[in-house]
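A.B. asks: Note that this note's numbering has the sequence shown beginning at 130, numbered continuously upward.
Ideal placement from N, C-alpha and C gives every residue a C-beta, glycine not left out.
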Amino acid sequence: MINKVLISGANKGIGFETARQLGQQGWSILLGAHGVRNVA
């Protein structure tokens, strides 16, 4: 089974760190952010 998650605010703070850590664990992530410069 593939784990999937939607994270809003993924360009900084808690959203960024959560996306980064879940990505390292192999999760499939859909990100929401205001800009793409610092998106996890």
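Since I believe G161 is in contact with I131 (beta carbons under 8 Å), could you give me their beta-carbon distance rounded to a whole number of angstroms?
C.D. replies: Within the sequence shown, numbered from 1, the residue matching residue 131 stands at position 2. Within the sequence shown, numbered from 1, the residue matching residue 161 stands at position 32. About 20 Å; that fails the 8 Å criterion.
A.B. asks: Below 7 Å CB to CB, which residues in the same chain sit around V134 once its five sequence neighbours on both sides are set aside?
C.D. replies: Reading the sequence shown from its first residue, position 5 is the one you call residue 134. Taken in chain order, the residues that qualify are L151, W156 and I158.
A.B. asks: Excluding five sequence neighbours on each side, which residues of the same chain lie with their C-beta closer than 7 Å to the C-beta of A148?
C.D. replies: Position 19 of the sequence shown, counted from the start, is the residue given in the question as residue 148. Here the set comprises I136, A139, I158, L160 and A169.
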